Every structure is written in structure tokens, then in C-alpha cells.
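Order-wise, the sequence lines are chains A and B.
Start counting the first sequence at 0; every next residue gets the next number (numbering that gives the first Met the number 0).
Start counting the second sequence at 0; every next residue gets the next number (numbering that gives the first Met the number 0).
Glycine is no exception: its CB is placed at the ideal position from the N, C-alpha and C atoms.
All values reported here derive from a predicted model rather than from experimental measurement.
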Amino acid sequence: MADGTGVLILGDATDGELGSTTLELLAAGQKIASELGEQLSVALLGDTLDVPAQQAISHGAQKVYAVNHPLLAKFQIDFHLSALEALSKEVGPRIILVARTNEGRDLAPRLAFRLGVGLAQDCLEVSVDSGSKTLMANRPVYGGNAIAVVSCDQTPQIAAIRPKAYEPAEEDSSRTGEVVSFPVELNESLALTQVVDTVIEEAEGIKLEDARIVISGGRGLGGPEPFAHLEELAKVMGGTVGASRAAVDSGWVPSSYQVGLTGKTITPDLYIMVAISGASQHMAGCSGSKVIVAINKDAEANIFKEARYGVVGDWETVLPALTTALKELT
Amino acid sequence: MAIKIGVLAKQVIDPEMPMAAFRIDESSKKVVPPPNIPPVVNGFDENAVEAALLIKDAQEATVTVISTGTEFALDVMKKPLSMGADELVLLQDDIFENTIDSFLTAQLLVAAIRKLGGFDLIICGRQASDWDNAQVPLGVAELLGMASISLGKKVDVIDGKVRVERIIADGYEVVEASLPSLVTVSNELGQPRYPTLRGIMAATRKKPTIWSSGDLDLDSSQSSSRITLRDLFVPVSDQDCEIIEGEDPADSGRLLALKLREDKVI
């Protein structure tokens, strides 16, 4: 394979500062760049890049490619692809890391196909084989029932990393690095899709992804009404309510509640799962939780293999008792 | 003029099978198909068939389902036909043995799509429940140079444009693209329809078109592999669960609160 050199991270600078997933990529990137003994750089696309560029450097980037263009201010896949294709061809990295966010989920496969190379999708961990300098990526497959170790056959080797799979890189403001401007030519006609409306329908309160305590309900609740009990417990504990895909598919709660492989990835300090069996597809979105508590009437449910604490019993009895006791404790 | 819709659908091991039946042969790096549990059409791909049929309910359209694989359970793969799709094209070849390599799959699909004269709209499931790769649809769009809109929960065709309600973290966006375009859909699209008796009868009479890679015009310089599967294993959970047991379930709930406090979890 044609050789490239260095590790290039596709950073997120959309809100005028570096996104949290970019800090996670910097942690993953630092490790593999030092194993390779090669440079770690970050590509930033947008129209206000000075602040995020310095943040990238203080979090470990040795070089920042600032791709400034008004059309890159908001994520639009065709503009971003065109800019990244040009940058990648010019820079010639050995490895490209992308965050598998809503945007990265679309961007990474199209970029890989455009460059004619492979993509290791939705990885939990990446490392390099020091001899061959090959990127080895661990990724869950079959809904998390198995882990596949894959490598890419061409350069650049591209991996999309699952959000929250890595702790964010540490900041050290004494670090120095170089910011290089990379001009691109873009025009409106490149855009193949247009966003004509955005509808926000998330519940008020703490966002599911940011909550320290999450209480989720599943199929075993039997209907939408029991979610009121979960809301009450969440209120007592200062947490947020989530749900399994079964509860969302049944129409009991909106899809923004869904935790799991095809829903949100959460890493709370405490995750209470009520009447959820704990199939691997759900665990894929919550296995980073510090403590998992299971309440389920089926003692054989898989969740009792994953949880730290468990209560075998009907939620209708267990949950009110738990809520009352917690009220008394606080 | 009738809208020509192509749906990409995959046959997979039933993801709802009991976890105990999930087995891997580590030496060949393959998942062993569970005995006595028939394969299914990938769930998100059934959503894709439903999305196509909803368009066909509203306006003149034809729906062609295309699938790739090493071997097919015909009664399973005919389900989209019995739901109301018009045609089934099966790309059957040993080349699909290593389907973790999305590049190869996308290339063969593109060759088949071209041989079929192209489509106005291609609809796919967001990902397959086996490799969870979510790459083939976007790859097909990229190779065909068309727009892709992912994670749709509603798909309409209006005045030569596709209009998609696309799921985002805190709601949805309405996105439009000119035809031809590719859309991926998610479970939020809603339950796929059940085959009717008439549909099942019609499907039994329909013969799928079966092509191998030799029937397709492939650019051989492009068909080398892109991804290598190095290892495949079942992760082990080492979590010991402490079961909190009171005199009755209510007492267990109370003890759980005390335990969480005692262990400084809260």
C-alpha cells in the first residue's frame, strides 16, 4: 500500500469551540501517534476556527489544518466531503480518525468510498501493530454479541470511533503547535441535499447523553403510563428518563429517549434499568455506565449478568418503594 | 411516469434468537448459523420495503428489491414480494462470504443497479443487524454520485424531489434532494405491513432474477479488498451482580435505596 504518514483527526468546531468527541479522538490519536512515532494533526472545518485550533493544540495536537470557509459553518455533507477529500490528498496521512457522531456516521463511509479505501466502522478501541504500522480496530458486531478485530488494506486507514469510547484528552496549556491554513474552493452547487426545516422535540431537563443518573424503562412496563413512575424517580434523584427500543417502537415515548446501538450512547454514573431484559443491542448504548442497577421480575434475564446491583421483582412494587425510600434519604 | 424504486435488503441471522444460541467458530472467524432458527430479512430493510410501498400506495411506482449473499432462503427473501414489491433480484456469489468488506458489496450492487437501468430512488435500512456496518448504502450513493439522506422516518416523493424526515439527536430535520437519490430508514418509520394472502399467492408465482458476479460488469481493478477481518470473538462479562433481596419486593426496593447510599453510589 502507498505509504502515508501521521495521524489526522477530523475535528468538530461547529459551535466555535472544540466538540467533546474531538477531545476523545485526541486521546485515541495521541496513543497511536506516539506508538508510531509520527505527528498528530487535527483538521478543523468552519468559519470561526481560532479558539478551537488553540484548544486542539492544548489537548495534544501538534498541527492544526484550519479549513476556513463560510459554507463550512454548518455541517453539510457535500461541502465537508469536498474539503476533506482535498485535504486528505494534500496531507497524505497514514491514519484518519473520525467520531461516529450523527455527522460522522454519514461522512466517514462516503469519505472512505471517495478515497477508495476501507473504513473500520464504530470502533471501541484502536491500536497500531508497530511492525507493519497497521491500524487494528476493535468493533462490536452482531448487535454487540461479538467483537471483530479489523484492519484496513489501503492508506489512509480510516476508523470511526464510537462517542464516549475514550475519555477526553487532558488539557495542558503549555503545549505548542502549528496552525496551518488550508484554503478550499467550494460553491453552492456542490450541495446535493437541502435542510428545509428542523423540528426539536426533546423533553425538557438534562439531556440524556449528559445526565449523571439515567432511569430507563423497557418492554416489561407494558404501556406508556408507567413512565410517570420513572419520571418521579428521576425527579427525586436529579436524573433523566430513557427507554429501550421496544418501548420506543411501541410508541410509549419519543425516539429521542432511546438508548442503545441505534439510539443514544450514555455513560452515566448510575443507570437504573426497569423491566429491560438487557439484550446486547441495548447494552451497546450503556455499557460505559459506572454502576448499573437492574429491576426485573425475570431472574434469568440477561441484565443480571451485566448489572452491579439487582432486584428480582415486579417494578410495580419495587419502584414506588425505592422512590419513597430515596425521598426519605434526601 | 412511474417512479422506479430500488430497495436493498439483506438476509441475516435472526437477531431475536436466544443469546445462548449465538455461537462463533473462532478458527474460521465466522458466526455459526443457529440450527432450527430460520434467517430473516434484516429488520431495517423491512422498514425500507415499507417506505417504498408507502410511496407506491400514493403514486405510480415500481419496487425492485435487490439482495446479496452466498445462499438464500427463498421463502424468507420473498417476503418483500408478498408485502407488495414487484421484483426480486438476488446477487448470489461466494464472493459475499466476507461481507464485512462493504466496498465489494457496494460495487456489486452498483453494477446490478446499472444493469437494471438505474433507479429514481434507492431506499435501504440504516444498517444490517449482522455486521452493523452502516456503510453499503452510503457507499452505493457515493459510487453512483448521488445524494444520500440517512436515518429517515418518513419518505415522500414530491415534484421530482425526495423529501425525508431525518432523525437527529433531539428531534428531526426535513431534508430534500433531487432524484435520483438514496435514502436510509430507521425503525422510527413504523411497523412494516404484514403480507396479505393475495400478496403471498402472487409472490409464490414470481421468480427472482438470480445473478452471480460473472453476470455483472465489474471494474476488476477496483475489486480488491478494503477491510480484513483479523479476529472475531464473544466478549466476556466479568460483572458479579449483587441481588438485593428483602422480605418482599417492596422491601427489596427499600433495601436497594439503602444499599446505593451505603456504597456511596448516590
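Check: Tell whether a beta-carbon distance below 7 Å holds between LEU185/A and LEU106/A.; Outcome: no
Check: Is VAL109/B helix, strand or coil when you go by DSSP?; Outcome: helix
Check: Report the three-state DSSP secondary structure of TYR256/A (helix, strand or coil).; Outcome: helix
Check: Three-state secondary structure (DSSP) at ASP85/B?; Outcome: coil
Check: Could you tell me whether any Cβ in chain A is nearer than 7 Å to the Cβ of CYS123/B?; Outcome: no
Check: Tell me the residue span of the alpha helix (DSSP H) that contains MET248/B.; Outcome: Sequence inspection shows Pro at residue 248/B; the Met mentioned does not correspond to that position. Where PRO248/B is concerned, the enclosing alpha helix (DSSP H) stretches over 248-261.
Check: So, does the segment 167-175 of chain A touch the segment 294-314 of chain A, judging by three or more C-beta pairs under 8 Å?; Outcome: no
Check: Residues of chain B with CB under 8 Å from MET236/A, in chain order?; Outcome: ILE265
Check: Do LEU134/A and VAL125/A count as a contact pair if the criterion is CB distance below 7 Å?; Outcome: yes
Check: Over the uninterrupted alpha helix (DSSP H) stretch that includes ASP268/B, give me the two end residues.; Outcome: Residue 268/B lies beyond the residue range present for chain B, which begins at 0 and ends at 265; the question has no answer from this structure.
Check: Between the beta-carbon of GLY124/B and the beta-carbon of PHE43/B, is there less than 7 Å?; Outcome: yes
Check: So, are the CB atoms of ASP11/A and THR4/A less than 7 Å apart?; Outcome: no
Check: Around the C-beta of VAL6/B, are 16 or more other C-beta atoms found within 10 angstroms, so that it is buried, or is it exposed?; Outcome: buried
Check: Anything in chain B within Cβ reach of GLU404/A, meaning under 7 Å, just list it in chain order.; Outcome: The structure shown does not extend to residue 404/A, since chain A is modelled only from 0 through 329, so no value can be given for it.
Check: Note down the Cα distance separating ILE112/B from GLY213/B, rounded to an integer number of angstroms.; Outcome: 15 Å
Check: Report yes or no: do three or more beta-carbon pairs, one from the segment 186-194 of chain B and one from the segment 43-63 of chain B, lie closer than 8 Å?; Outcome: yes
Check: Run through DSSP, which three-state label would VAL235/A get?; Outcome: helix
Check: Taking all protein chains shown into account, do 16 or more other C-beta atoms lie within 10 angstroms of the C-beta of LEU232/A, making it buried, or fewer, making it exposed?; Outcome: buried
Check: Can you check which of these residues, PRO319/A, VAL247/A, THR322/A and ALA283/A, is closest to VAL305/A by C-alpha distance?; Outcome: Note that residue 305/A is Glu in the sequence shown here, rather than Val. Closest option to GLU305/A, Cα to Cα, is ALA283/A.
Check: Under a CB-based cut-off of 7 Å, is LEU325/A close to chain B?; Outcome: yes
Check: Suppose you measure from the CA of MET0/A to the CA of VAL311/A; what does that come to, to the nearest Å?; Outcome: Here MET0/A scores only 46 on pLDDT, less than 50, and its place in the model should not be relied on; the value that follows carries that caveat. Near 55 Å, if we compare the C-alpha coordinates of VAL311/A and MET0/A.
Check: Please confirm whether TYR165/A has its beta-carbon closer than 7 Å to some beta-carbon of chain B.; Outcome: no
Check: Please check if any C-beta of chain B sits within less than 7 Å of the C-beta of MET0/A.; Outcome: Its pLDDT being 46, under 50, MET0/A is placed unreliably in this model, and the coordinates cannot settle the point.
Check: What is the C-beta distance between ILE275/A and LEU207/A, in whole angstroms, given that I count them as a contact (C-beta under 8 Å)?; Outcome: The pair is not a contact, with the Cβ atoms about 15 Å apart (cut-off 8 Å).
Check: Please compile the residues from chain A whose C-beta is within a distance smaller than 8 Å of the C-beta of VAL233/B.; Outcome: ASN144, ALA145 and ILE146
Check: Please list, in chain order, all residues of the same chain as SER81/A whose beta carbon is under 8 Å from its beta carbon, the five residues on each side excluded.; Outcome: VAL183, LEU185 and LEU189
Check: Where are the beta strand (DSSP E) runs, 3 residues long or more, that stay fully inside the segment 76-102 of chain A, in chain order?; Outcome: 94-98
Check: On the CB-based measure, 16 or more other CB atoms within 10 Å of its CB, does ASN35/B come out buried or exposed?; Outcome: exposed
Check: Could you give the first and the last residue of the continuous beta strand (DSSP E) run that contains PHE303/A?; Outcome: Element bounds for PHE303/A: not the beta strand (DSSP E) but the alpha helix (DSSP H), 302-305.
Check: Mind listing the chain A neighbours of LEU107/B? Cutoff is C-beta to C-beta under 8 Å, in chain order.; Outcome: Neighbours of LEU107/B on chain A: none; closest Cβ ~14 Å, over 8 Å.
Check: Between the Cα of MET82/B and those of VAL40/B, THR208/B and GLY117/B, spot the shortest distance and give me the residue it belongs to.; Outcome: VAL40/B
Check: Only counting runs of 3 or more residues, tell me where the beta strand (DSSP E) segments fall wholly within the segment 13-49 of chain A, in order along the chain.; Outcome: 39-45
Check: In the segment 157-178 of chain B, which residues sit with their C-beta less than 7 Å from some C-beta in chain A, listed in chain order?; Outcome: ILE166, ILE167, ALA168, ASP169, GLY170, TYR171, GLU172, VAL173, VAL174, GLU175 and ALA176
Check: Counting only beta-carbon atoms, is GLY312/A nearer than 7 Å to chain B?; Outcome: yes
Check: Could you tell me the alpha carbon to alpha carbon distance between LYS258/B and VAL198/A, rounded to whole angstroms?; Outcome: 42 Å
Check: Do you know whose CA, among LYS263/A, LEU260/A and LEU269/A, lies nearest LYS263/B's CA?; Outcome: LEU269/A
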